[in-house]
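Notes for the one structure printed next.
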Amino acid sequence: MDEFVATFFNLEVVRAASPILLQGLWVTIQLIVVAVPLGLLGGVILALLSTLRSRWVRWPLIAWVDFFRAFPPLVLLMFLYAGLPFAGIELGAFGAVAIGFFLNTSSYYGEILRAGIESIPRGQMEAARSTGLGAVQAMTWVILPQAVRNVLPDLVSNTLEVVKLTSIASVVALPELLYQARQAQSVTYNPSPIVAAAVIYFLLLWPAVRLLSRLEHRAVARR
1349 MDEFVATFFN
1359 LEVVRAASPI
1369 LLQGLWVTIQ
1379 LIVVAVPLGL
1389 LGGVILALLS
1399 TLRSRWVRWP
1409 LIAWVDFFRA
1419 FPPLVLLMFL
1429 YAGLPFAGIE
1439 LGAFGAVAIG
1449 FFLNTSSYYG
1459 EILRAGIESI
1469 PRGQMEAARS
1479 TGLGAVQAMT
1489 WVILPQAVRN
1499 VLPDLVSNTL
1509 EVVKLTSIAS
1519 VVALPELLYQ
1529 ARQAQSVTYN
1539 PSPIVAAAVI
1549 YFLLLWPAVR
1559 LLSRLEHRAV
1569 ARR
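Take any residue in the sequence shown, note its place counting from 1, add 1348, and you have its number in this note's numbering.
Have a look at this one:
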């Protein structure tokens, strides 16, 4: 048991690695602050485009969403980071991750929001228009708030997945939390920094998990 604790829960190793772990946590937080709003913005745009009846918009939109939902995000990151420089486009690690997350997560957010918009009775739009609101105003102030409320648990759940997905940024040498933990492990020859990183992820995500649980219970209670 002592050997197990010394290998995976070595507090001295964690204490020595804490400065670079905190640096990695800061980069992870920056990545979350960029990736989640970008994904939501892209999702709103895709959801609004899905309401258009033109097949010239609908079919390319379906192809776009299906492609980025099916394409592995890890491969996408590697292509953006290591492939685009051959075309003369240098994004850097953070830029490649931000764009990759935007392309991937906006497709998921877009499908969630599209389902929310479709859950609103068509009469809501007609009633809003009858009060003198334009189509954009009606969508912004009447339809979208109700749609977001209807799919809020799904939005929170997807956001949790986005936060956990930030750990794959380590493959393009972005010094986020997991990358720094692996660096510390390679120096100390001890996996305790990886365990510490897992604990930090848990503490970061647990409040959102509890929020999601409350939202799901409320959604069930309203039915």
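Yeah, the Cβ is synthetic: ideal placement off N, Cα and C, and Gly gets one too.
- Listed in chain order, the alpha helix (DSSP H) elements of length 4 or more contained wholly in the region 1423-1497 are 1440-1466, 1470-1478 and 1483-1486.
- Here the alpha carbons of Leu1551 and Leu1559 stand approximately 14 Å from one another.
- With a threshold of 16 other beta carbon atoms within 10 Å, Met1487 meets it and is buried.
- Residue burial is scored here from C-beta neighbours: Gln1485 has fewer than 16 other C-beta atoms within 10 angstroms and is therefore classed as exposed.
- Nearest C-alpha to Gly1458 among Thr1399, Val1511 and Ile1516: Thr1399.
- Under the criterion of beta carbons closer than 8 Å, Asn1538 and Val1361 qualify as touching, at roughly 5 Å.
- No Cβ-Cβ contact shorter than 9 Å links Glu1524 with Thr1536.
- About 7 Å separates the beta carbons of Leu1386 and Phe1449, which is inside the 8 Å limit, making them a contact pair.
- Nearest neighbour of Val1543 by Cα position, chosen from Leu1526, Val1511, Thr1453 and Trp1554, turns out to be Leu1526.
- The continuous alpha helix (DSSP H) containing Ala1383 extends over residues Leu1359 to Ser1398.
- Judged by DSSP in its simplified three-state form, Pro1555 adopts helix.
- DSSP, read as helix, strand or coil, puts Pro1539 in coil.
- Short of 6 Å from the beta carbon of Ala1441, and not among the five residues preceding or following it, lie these beta carbons of its own chain, in chain order: Val1520, Ala1521 and Leu1522.
- For the pair Thr1355 and Leu1397, the Cα-to-Cα distance works out to about 53 Å.
- For Phe1415, the enclosing alpha helix (DSSP H) begins and ends at Arg1403 to Ala1418.
- Classified as exposed, Thr1479 has fewer than 16 neighbouring CB atoms from the shown chains inside 10 Å of its CB.
- In its own chain, leaving out the 5 sequence neighbours on each side, no residue places its CB closer than 6 Å to the CB of Ala1430.
- With a cutoff of 9 Å on beta-carbon distance, Val1384 and Val1511 are scored as near each other.
- Taken atom to atom, the span from the alpha-carbon of Ala1476 to that of Ala1444 is near 41 Å.
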